[in-house]
Structures are given as C-alpha cells and as structure tokens.
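Chemist: Taking mature numbering (1 follows the signal peptide of the UniProt record, and there is no 0), I'd label the letters of the sequence shown as residues -19 to -1, 1 to 339.
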Amino acid sequence: MWVRTVLLSLLALAQWGSASPYRADLVDYNINTNQNAQTPTDYSTNKRSSYTKSPPNWRAIPFYTVLMDKFADGDPSNNDYFGTMYEWDWRETQLRFGGDLKGLVSRLDYLQGMGIKGIFISGTPFLNMIWQADSYSPLDFTVLDPHWGTLADWQAAIDEIHSRGMYIMADFTVGTMADLVGFKGFLNESTPFSLNEYDAVWKDPLYTPWGFQEYKDFAVNNAWNDSCQLPTFWGDDGTIQNIGWTTGCRESDFDQYGDMEAFGVHPDWQRQLAKFASVQDRLREWKPEVMAKLKTFSCMAITALDIDAIRIDKSTQVTVDALAEWASSTRACAAALNKTNFYIPGEVTGGDTFGSLY
C-alpha cells in the first residue's frame, strides 16, 4: 500500500475529485474552461478570434501522415513529463521517442516544400497512459496529452499550419477509450462474448497520469434495464441483422459484453459491442446520454483548436445510426465556425459492402 501511494503521488501530483471538469492544475491542458459545469454536456471552451474556412474540394488536398511521437522532438522537456521509468526511451519501440508539436512545426518547411497541403496527425490529441505513444487509448476526451504539448502549443502549431495554406486533420476514437474497465471473474484472462453482459469493475491501475484511474465523464453501472433497446445492427452483406435479443441491457455507459480479438472472423455487430482487442473499453455510443457527451466533446475540440477534419479510428465499429448522429452534429458545429465542408473520413475494419453503409 505504501509503494502504491508513493507511485500515485508521483504521477497524479494531487488527487482531486474531478479531472476533465475544470481543474486549476490542468489549465494548460484542459480544453474545458467552464468552472461551473455540472455535467459534461455543460462543458465549454474559449472561442478563437477567427477560424480557417474549409477547402472546397478535399480530393485536391495531398495529405501527409505524421506519427507525432516518432516524427520530431522539438521540446525534450516534455519527453519524461511524469518522471517515470515507464515513459520515455528513444531506444525502445514500446516507449515514447519524444516527438511533439514543436517538432512538427520545425519540419513544416520540409512538408510544404514537398507540396503537402494537409497534415494528418495519427493518434488522438488526448491524454493517454504514460507509455502509450500511439495515443489511441484516451483516458479523457477534453484533456490533452502533455507529451505532445500544451493547449497553447496546439493552437500555435495549427495557426502556423494554416498560415501556410495547409490544413490539419485530427484523429478521434469516438467509440473506444483506454483500458480501465475489467469484467468480474475475468481480470486476468479474456472475457468470452455474451449478450447477458458481465459485471464491470474498475481495474484501478497504478501508473495513471494525473490520477485518471477512472473515467471522469463516463460511468460503469451494473444495474439491469429491461426496457433497453439495442441499436440496429447490419451485416457484412448490407442487410439488417436480427440477433434475437429483446431482454434489455446494463445501465452502463460502457458495453460490458466481453472481449473481442483485434483480428479474426466475427460478426460486425459483435465487434460493435465488445471491448476492442481486450485493451480498449467500448463506449455505449448508442445510449443517448453517452452520445450527447461525445457530440459536446468533438465540438469543443474544433472550437478550441481550429482543426479542419477528423478521422475516425475503427469507424465501422461504431453503430451506423450513432455515427451518423455524431457526424451530423460535428459538421453542424464546424459549419457554425465557418467550416462548411468539414471532412470526416473513417477507418473501415469490415468489408467494403459493410463500409458502404457509412
């Protein structure tokens, strides 16, 4: 217990009762600036003085993909931000190398000289576990990862990109987060897929940044709701799937149906309900309360950062109706900021017929 307390004090700095809700010690990284927000849908952010218009034709924009952590290290001071041995080592492929926003800006002459007009930053901008350099397992959707830079660094980098007539595409997971939720009785083994769902528990990991041992904006709830209606599921052949289930679901903000391997032959509807590769918790985005939060978070990111496009990771593992609702809301938010041709591509993890549904 003493060792655990010491480790947490080093990583969390201070244990607060909330995180993505306004926190004075995270003011440089938290997109939310509403100190009086009572719920995540009350969160808000400061507007920029102006916003960059969308290009008329995205097909005419040559893109360059940047793996931020591996691209260029412009600020070595944030490499080992939390001061741990599990964080940064340029010789290790499974730890951080040190790439960041200042490094990206230092290479813009090179990218512009090649004729690049769009930059896609692979991995979400949001806080991940200290060693997760790929940034695809966010612990929160409003707090930025300090290894890449501050909110001011993001704004300065994007302003510089725009000043060169270039555009920026961010990466969002939308339907998945980090690995904080486990299933009772299966904490050390894979959990078989089951429509009966499992009792979920917080894993309570030791090495969490800033005390993010639980999600601050989404809750686990094992209570059963008999009136719950599962979303419409589609097959790989483009037809609606009848999965033969009419008996409800858990009240949770997360799907608690078990694990699913990253690759293999499985029905697409099971992929949309299962924990991805046993390591990414799957949000119940088809639950109205969860969707309301997701729409708030994407609009905040566009408003705070002036991004021009969002690529969706594992997009076809988000249910069809939910993704349509999220995309429509996100585009409406962007249009209100003078981005009337906001671009939202997505990763297709199923077949091409299934992908065409989106």
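We put the CB at the ideal spot given by N, CA and C, even for glycine. Owing to the predicted nature of the structure, the values given are computational and were not obtained by experimental measurement.
1) Counting along the chain, where does the beta strand (DSSP E) carrying D152 start and finish?
2) With E141 and L89 assumed to form a contact (beta carbons below 8 Å), what rounded beta-carbon distance in angstroms separates them?
3) What is the rounded straight-line gap between the Cα of F335 and the Cα of Y324?
4) State the Cα-Cα distance for the pair Y108 and T20, rounded to the nearest angstrom.
5) Quick check: G331 and D207, are their CB atoms within less than 8 Å of each other?
6) Output the residue ranges of the beta strand (DSSP E) runs that lie fully inside the stretch 279 to 304 and measure 3 residues or longer, sorted by chain position.
7) For the beta strand (DSSP E) holding F44, just list the boundary residues, first then last.
8) If you reduce the DSSP assignment to three classes, tell me which class residue 340 lands in.
9) Of all the options K276, A181, W191, which has the alpha carbon lying nearest to the alpha carbon of W205?
10) Are there three or more Cβ pairs, one per stretch, closer than 8 Å when the stretch 292 to 305 is compared with the stretch 35 to 53?
11) For F199, which of helix, strand or coil comes out of DSSP?
12) Count the other CB atoms, across all protein chains shown, that sit within 10 Å of the CB of residue 347; report buried if there are 16 or more and exposed otherwise.
13) Grouping DSSP H, G and I as helix and E and B as strand, with all else coil, what is G79?
14) Using a Cβ-Cβ cut-off of 6 Å (strictly less than) and excluding sequence neighbours within five positions of M66, which residues of its own chain qualify?
15) Relative to the C-alpha of Y238, which residue among K197, K276, F167 is closest?
16) Whose C-alpha, out of A313, P173, Q113, D56, is nearest the C-alpha of R77?
17) In this structure, does DSSP put C230 in helix, strand or coil?
18) Taking the alpha-carbon positions, what's the F139 to F63 distance?
Modeler: Quick look at the numbers:
1) Residue 152 sits at position 171 when you count from the first residue of the sequence shown. Where D152 is concerned, the enclosing beta strand (DSSP E) starts and stops at 148 to 153.
2) Residue numbering aside, residue 141 sits at position 160 when the sequence shown is read from its first letter. Residue numbering aside, residue 89 sits at position 108 when the sequence shown is read from its first letter. The Cβ separation is near 6 Å, so the contact holds.
3) As a first step, residue 335 is located in the sequence shown; it is residue number 354 there, counting from the start. As a first step, residue 324 is located in the sequence shown; it is residue number 343 there, counting from the start. In this structure, the CA atom of F335 is about 21 Å from the CA atom of Y324.
4) Within the sequence shown, residue 108 is the residue found at index 127, counting from 1. Within the sequence shown, residue 20 is the residue found at index 39, counting from 1. Before going on, a small fix: residue 108 reads as Leu here, not Tyr. Using only the alpha carbons, I get a separation of about 20 Å.
5) To locate residue 331, count along the sequence shown from 1; it is residue 350. To locate residue 207, count along the sequence shown from 1; it is residue 226. Cβ distance not < 8 Å, so G331 and D207 don't count as in contact.
6) Residue ranges of uninterrupted beta strand (DSSP E) with 3 or more members, entirely inside the stretch 279 to 304 and ordered along the chain, are 290 to 293.
7) The sequence position of residue 44 within the sequence shown is 63, counting from 1. If you look at F44, you'll find it in the beta strand (DSSP E) that goes 44 to 48.
8) Only positions -19 to 339 of the chain appear in this structure, which leaves residue 340 out of reach.
9) On the sequence shown, position 224 is the one that residue 205 refers to. When C-alpha distances from W205 are compared across K276, A181, W191, the shortest belongs to A181.
10) Touching, no.
11) Residue 199 sits at position 218 when you count from the first residue of the sequence shown. In the structure shown, F199 sits in coil (DSSP, three-state: anything other than H, G, I, E or B).
12) The displayed coordinates of the chain run from -19 to 339. Any statement about residue 347 would go beyond what the structure contains.
13) By one-based count along the sequence shown, residue 79 stands at place 98. Residue state, collapsed to three classes: coil.
14) Here residue 66 corresponds to residue number 85 of the sequence shown, with the count starting at 1. Counting only residues of its own chain and dropping the five nearest sequence neighbours on each side, M66 has no CB closer than 6 Å to any other CB.
15) The sequence position of residue 238 within the sequence shown is 257, counting from 1. Minimum Cα distance to Y238 is reached at F167.
16) In the sequence shown, the residue the question calls residue 77 occupies position 96. The residue with the shortest Cα to Cα distance from R77 is Q113.
17) Along the sequence shown, read from residue 1 onward, the residue named residue 230 stands at position 249. The answer is strand: DSSP assigns C230 an E or B state.
18) The count along the sequence shown starts at 1 and reaches residue 139 at position 158. The count along the sequence shown starts at 1 and reaches residue 63 at position 82. For the record, residue 139 in the displayed sequence is Ile; it is not Phe. Spanning the alpha carbons of I139 and F63 requires a straight line of approximately 26 Å.
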